[in-house]
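Here the protein sequences line up with chains A and B, keeping their order. Numbering-wise, the first sequence is residues 1 to 577 according to UniProt numbering. Numbering-wise, the second sequence is residues 1 to 469 according to UniProt numbering. Ideal Cβ placement from N, Cα and C applies to all residues, glycine included. Because the structure is a prediction, the values reported are computed rather than measured.
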Amino acid sequence: MSAATATTGTIARVSGPLVEVEGLAGVAMFDVVDLGPRELPGEVVSIRDGVLTVQAYEYTGGLRPGHPARARGEPLSVPLGPGLLGHVFDGLLRPLSGMPAFLPPRPVGGGTTPGEWHFEAAADPGARLAEGDRLGTVDPHGAMPLPILVPPHVSGELTWVAGSGTYAADAVVARVGDTDVALTQRWPVRLPRPYRSRGYDARPLHTGQRVVDLLFPVARGSAVGVPGGFGTGKTVLLQQIAKWCDADVIVYVGCGERGNEMAEVVSELSELRDPRTGGPLAERTVVIANTSNMPMMARESSVYTGMTVAEYFRDQGRHVVLIADSTSRWAEALRELASRTGTMPAEEGYPADLASSLAAFYERAGEVTTLGGTVGSVTVIGAVSPPGGDLTEPVTSQTERFVRCLWSLDHDLAYARHYPALSWTGSFSRDADMLGGWFIHHGDPEWARRRARMSGLLAEADRLTSLAELVGAGTLPGHERVVMLAGRLLRLVVLQQNALSPNDVTCGPAKGAALGDAVLAVVDQCERLVESGVPATAVEEVDFGPLVRARSDTGADDAEGVNALLDEVLKRLAQLT
Amino acid sequence: MNTTWGEIEHAGLHEIRGPLVLVRGVQGVGWDESVRLRSTSGDTRAGTVLEVDRDLAVVQVLEGTQGLDLEGTTVGFAGEVLHVPVGDAWLGRVCNGRGEPLDGGPPVLAGTRAAVGGQPINPTLREPPRDPVMTGVSVVDALTTLVRGQKLPVFSVAGLPHLQLATQIAAQASAGDEPFAVVFAAMGLTHADGAAVIDALEERSARGELVLLLNTADDPVIERLLTPRIALTVAEHLAYAGGRHVLVVMADMTSYAEALREVSAVRGEIPGRRAYPGYLYSDLASLYERCGRIRGLPGSVTLLPVLTMPAGDITHPVPDLTGYITEGQVVLSPEVHARGIYPPVDPLASLSRLMRHGAGAGRTRPDHLDLAAQLLAALSRSRQVRELAELLGAAALSETDQQYLDFEGAVEEGLLDQGTTESRSLDDTLDRAWQAVGRLPRRELSALDPLMVAAHLDVAADRGVGEEP
Ligand SMILES: Nc1ncnc2c1ncn2[C@@H]1O[C@H](COP(=O)(O)OP(=O)(O)OP(=O)(O)O)[C@@H](O)[C@H]1O
Ligand SMILES: [Mg+2]
């Protein structure tokens, strides 16, 4: 950012977002260059024979040879400080509120959020501080106090710290060694932020989506891929998790997706209350909106921008969920860049380093001990949009290798309006075994057994259903018909979850367990009945309505309510004997 | 933004390659700038700067390069990206795909001009779509309600009446008693189809509610890339400055994408899936995202793209990427068409993702959403039952399933099927939907409030329709 290191060169060639610059010395790969009189930002993507190739983050219409180009002397970096939570930014972390209705191409700018923040010091002058130590706190009595930490690579004596008071976001509030520390600090987005060590103290991220929490759970700090063709429900699922999961901070990156969806999620988040703070849910959320008609390069950077913001909150000891919808649009931007710069294409035109780019991104997920010694985590959940719904395409197949959980959304389920259309055959959770151990000591010792029984019944019911389609269900023995009934009940009572029903939008752990156990209890009872000679048809014709409606008729934490409805159904079954 | 540096003239071309010409010795020419070429014989053509490399400009010529020569052609650079006039002067006009009059009138002039590329709408100033556009077409209004500010494509296959449906919607659509206009961007249509569209929309045009841009199949392909952009630029102004709800019909997007592919090939770009360029998604998004409502501004822009799926393949890049951008889809089915139903919509494959916000109490009618959900659920069961019956014979069906067997036919005949110029009121449409579900046993209507069922079906029965079977 410092103007002293800026040098000026001349634009020689413009071909869409690709711009060649001559006469600019001392510039490194990925450094930001401001192009033309409007200072449109771009990033150096190749250096050869004194010619820099710059990929512009903005539309370059009107840019021409002869225009000046100025190097900023730093790679793409974003300001991290107060004013992130509750706000909406573009892919370069430029605030979108306050911008006009139609976004013109524009410079990166200085980059701090306008406004003033209340800061209270937490350390005394003379103290010896190391990176990650707390200097003070912004808004210490608010719902989301923001610790101000000694930045990475800085340590020494605290020679000065500002008194309690209100400061602008870029105000210097302390001096550590010979380094000034401001409320807002810059960080290059492509560089993972440092931490002390990686932990693996697995505990679940409670998502509020039953099929996830009961069958394909995700641990804090894990990475999840969510592949699915168009309309299979990726965005709805991710938005539900953004609203209801038990993380401290959500970073929601809309990467090359719809503007209306971004408007929707922002307006819903500001209306919904955070059950823990009582404030609007928006206040724990940072939204990065790079819609599909915004420039392609900023789409590429938006996932890194989002990740850097997530790591910033992680470093304060927060548990963060980073949602990226959709990573395929990011991969497409990589492909587009590769093809414009003449890189040898590999599979389906994607650059050969697609796999390592994806790996590097998902590797930034994790639970860590921060520089300051607290524990924080970034859980990454990335949607994948396979062309033609083909799950063998490069982005999907590579993503599968690097994530710990895969929630595969199935077109047939979505078509049958079974939402979330999460396929129980095509999904996996490599966290499940570990989390089973956690649940044993945290109030739900039955968790792993319940999961195993439900998965087993679903698989067996699928097998029998395809058999029944050939021979007719009537010819199957009673026991097998009960298994098919079990599959149906599990789908209707447990797996389906209506994002539009006020009671069913989210589901607490107790209610989820109760619903699962209720179905299993009913199935056991049906088994006994059939074994004792009651015809399977009679069992199938029992009205299971109370159970089916349980998820929408009882509140999100109302396990008691579920059990009452279970009793009703068990009574109906008892009448069969 | 609108600075004009005046035109820079150049005599002579360096090279001509397909629709591209190379001009040497240029200075001060910017990328994407608009260009005017004058051939030796004096005709003028439009172009844009594809690349500018030091003193060499690569220009893409809209009308093609046929008849151009190296020596006699002069090239003028406008000093700005392509702009078109915008304003009410467009209403009632019929123009070609470049916006030049086909109706014998004078060129469209207006005081205001806007860049055809548009600019992305600030997501924080988008107003989530909330109110319906009524089309008068029952299946659309009842089951896949079009919402103001939405993009809802029609997926079809060659030989089905998708153009007829799009035209019917263009002719009938309205937004209650608020000002309404239609911008129809026809791309790659045959002359006969073009004439049919003009004909069917004549009344709307005469009322000053229509802008028609007609790019026919034999017009230059590159022009086809411009047509939807002009349409959207004009529509945005009619909406946000003129306070109208504007419906933009874009037919046929497959022709548009083919033009994009052709131009990409000429440019020597690396082809992606099915030889479409890798940026097809972003290019389509640069059109489809230009819809919505904006906080603090009146009006709305709603998009109805029409596309034919080559060989009926929904995984083909054009429908596939469209589906990834738009907010649902209306799918036409050859089977329904074969049964003689118009419009031949497959309601189960169709979905309006924004319907839950744009229909129901306060938007259309309180019973609308539940009724539609019930009808679709029953339709899905009906289809399963039919498949089962084909496999095992109708005799193997339970009594309830027997009643589902004819349900799909009842929906198609009672609700879907309608005349190509018949505009139905919402009440008529929803009453037809009630009649269809009324054929099922009451206990099967589990998605509907029993009071609502009683209110609608028993009243309907009093009027002598929709008796229980
Ligand atoms: N849990 C749910 N409850 C109710 N409806 C749902 C649910 N999930 C998805 N839907 C329905 O499916 C539609 C499509 O879902 P969504 O927008 O999430 O798909 P997507 O996979 O993100 O598609 P795209 O790839 O095109 O963005 C929604 O508009 C909604 O109608
Ligand atoms: Mg989506």
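Under DSSP, Asp53 (chain B) shares a beta bridge with A:Arg13, B:Leu56. For His118 (chain A), the enclosing beta strand (DSSP E) begins and ends at 116-121. Contact between the segment 44-63 of chain B and the segment 175-186 of chain B is absent: fewer than 3 CB-CB pairs across the two stretches fall below 8 Å. When Cβ-Cβ separations below 8 Å define contact, Ala416 (chain A) makes contact with chain B. DSSP places Arg113 (chain B) within a strand segment (E or B) once states are collapsed to three. Under a criterion of Cβ atoms nearer than 9 Å, no residue of chain A is adjacent to Glu390 (chain B); the nearest Cβ is some 12 Å distant.
Arg93 (chain B) carries a strand assignment under DSSP once its states are collapsed to helix, strand and coil.
The beta carbon of Arg335 (chain A) falls within 8 Å of a beta carbon belonging to chain B, placing the residue at that interface.
Its chain contains Glu116, Trp117, Phe119, Val173, Leu183 as the residues whose beta carbon lies nearer than 7 Å to that of Tyr167 (chain A), once the 5 sequence neighbours on both sides are disregarded; these appear in chain order.
Only residues of its own chain outside the window of five on either side were considered, and among them Leu129, Ala130, Glu131, Gly132, Asp133, Leu135, Val176, Val181 have a CB closer than 7 Å to the CB of Val150 (chain A), listed in chain order. Within chain A, the residues Leu96, Met99, Pro100, Ala101, Phe102, Leu103 have their CB atoms less than 8 Å from the CB of Asn122 (chain B), given in chain order.
For Met187 (chain B), no alpha helix (DSSP H) encloses it; the enclosing beta strand (DSSP E) starts and ends at 180-189. Judged by the Cβ position, Lys234 (chain A) qualifies as a neighbour of ligand 2 at the 7 Å threshold, a heavy atom of the ligand being closer than this.
Close to Leu500 (chain A), with beta-carbon spacing below 8 Å, are these residues of chain B in chain order: Arg356. Leu348, Ala349, Leu351, Arg353, Leu354, Arg356: these are the residues of the segment 338-371 of chain B whose beta carbon lies less than 8 Å from some beta carbon of chain A, given in chain order. Rounded to the nearest whole angstrom, the CA to CA distance from His87 (chain A) to Pro280 (chain A) is 12 Å. Residue contact check for Asn563 (chain A) against chain B: no CB pair falls below 8 Å.
Per the DSSP secondary-structure output, Leu22 (chain B) pairs in a beta bridge with B:Glu15, B:Val58. Under the three-pair Cβ rule at 8 Å, the segment 373-392 of chain A counts as touching the segment 317-334 of chain A. Closer than 8 Å to the CB of Gln119 (chain B) there is at least one CB belonging to chain A. Residue pairing of Val33 (chain A) in beta bridges, as defined by DSSP: A:Gly42, A:Ala71. Between Val265 (chain A) and Tyr252 (chain A), the gap from beta carbon to beta carbon is short of 8 Å. Buried is the label assigned to Ser382 (chain B), since at least 16 other Cβ atoms lie within 10 Å of its Cβ.
Each of B:Val411, B:Ala396, B:Pro305, B:Glu413 was checked against the Cα of Leu165 (chain B), and the nearest Cα belongs to B:Pro305. Taking the beta carbon of Ala12 (chain A) as reference, the chain B residues within 8 Å of it are Asp53, Arg54, listed in sequence order. Per DSSP, reduced to three states, the secondary structure at Asn503 (chain A) is coil, with no helix or strand assignment. With respect to chain B, the C-beta atom of Asn293 (chain A) has a partner C-beta closer than 8 Å. A Cβ of chain B is located within less than 8 Å of the beta carbon of Asn260 (chain A). In terms of side-chain proximity, the C-beta atom of Asp325 (chain A) is found nearer than 7 Å to a non-hydrogen atom of ligand 2. Using a Cβ-Cβ distance cut-off of 8 Å, the segment 386-394 of chain A and the segment 314-323 of chain B are in contact, since at least three pairs of beta carbons, one from each stretch, lie closer than that value.
Counting along the chain, Gly382 (chain A) sits inside the beta strand (DSSP E) bounded by residues 375-384. By the criterion of at least three beta-carbon pairs nearer than 8 Å, the segment 220-233 of chain B is in contact with the segment 243-260 of chain B.
Assignment of beta-bridge partners to Trp187 (chain A) by DSSP yields A:Val78. At least one heavy atom of ligand 2 falls within 7 Å of the beta-carbon of Glu257 (chain A). Using a Cβ-Cβ distance cut-off of 8 Å, the segment 91-98 of chain A and the segment 122-135 of chain B are in contact, since at least three pairs of beta carbons, one from each stretch, lie closer than that value. Residue burial is scored here from C-beta neighbours: Val471 (chain A) has fewer than 16 other C-beta atoms within 10 angstroms and is therefore classed as exposed.
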